[in-house]
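In case it helps, our numbering puts the sequence shown at residues 287 to 424.
For glycine and all other residues, C-beta sits at the position ideal for the given N, C-alpha and C.
Just so you know, these numbers come straight off a predicted model, no measurement behind them.
See below for the structure under consideration.
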Amino acid sequence: MVKATFLNMSDLPSILIEEYDARWVDSFAALAARVKASLGDRVGRIEHVGSTAVTGLAAKPVIDLDVVVSPSDLREAIQHLERLGYVHEGDLRIAGREAFRSPPGTLTIAKRIRAASLPSSLACSRKLGRRHALLKVT
């Protein structure tokens, strides 16, 4: 037997989805510069990931960052992000990455630090992006 639980949508917290805002690109650049200044040469790259990284896509107004470092620099990178106010949450049971909450009062998330040289976290065509946006608002 399968038990199903149905949620009353009015009981769920509201989530703000905004139309695409071109300023998200500048917000990412400013945040990435701050992280890069703190981490210096330890940074392999900083990627703008998540919905706000996709031009034209409606999204929660939260800038997600992926900071890619070598495994040997991981501990120091975590310490530097903590000094910037990010709250380290561990790997959240996903090996190869470390998750963070944003500093209090900001709409920015250093989503994770990846200790590897991996391909971009979000590669999305415009068609897929539009379909994703429709799912978010329906």
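- Taking the CA atoms as reference points, Ile-349 sits about 23 Å from Arg-361.
- In the DSSP assignment, Leu-360 falls outside any beta strand (DSSP E) and within the unbroken alpha helix (DSSP H) covering 360-369.
- Assignment of Gly-376 by DSSP, reduced to helix, strand and coil, places it in the strand class.
- Per DSSP, the beta-bridge partners of Phe-386 are His-374.
- Below 8 Å, too few C-beta pairs join the stretch 354-373 and the stretch 335-342 to call them touching: fewer than three.
- The alpha-carbon of Asp-312 is positioned some 29 Å away from that of Pro-299.
- Counting every other CB atom within 10 Å of its CB across the protein chains shown gives Glu-384 a total of 16 or more, marking it as buried.
- For Val-321, the enclosing alpha helix (DSSP H) stretches over residues 309-325.
- Between the C-alpha atoms of Glu-305 and Gly-336 there is a straight-line separation of about 14 Å.
- Here Glu-333 is buried: its Cβ has 16 or more other Cβ atoms, across all protein chains shown, within 10 Å.
- It is roughly 20 Å from the alpha-carbon of Glu-368 to the alpha-carbon of Arg-379.
- Rounded to the nearest angstrom, the Cβ distance from Gly-371 to Pro-389 is 3 Å, consistent with a contact under 8 Å.
- Put simply, the backbone Cα of Ala-344 is about 12 Å away from that of Ile-301.
- Leaving aside the five residues that flank Arg-328 on each side, the residues in its chain whose CB is nearer than 8 Å to its CB run, in chain order, Val-355, Ser-356, Asp-359, Glu-362, Ala-363 and His-366.
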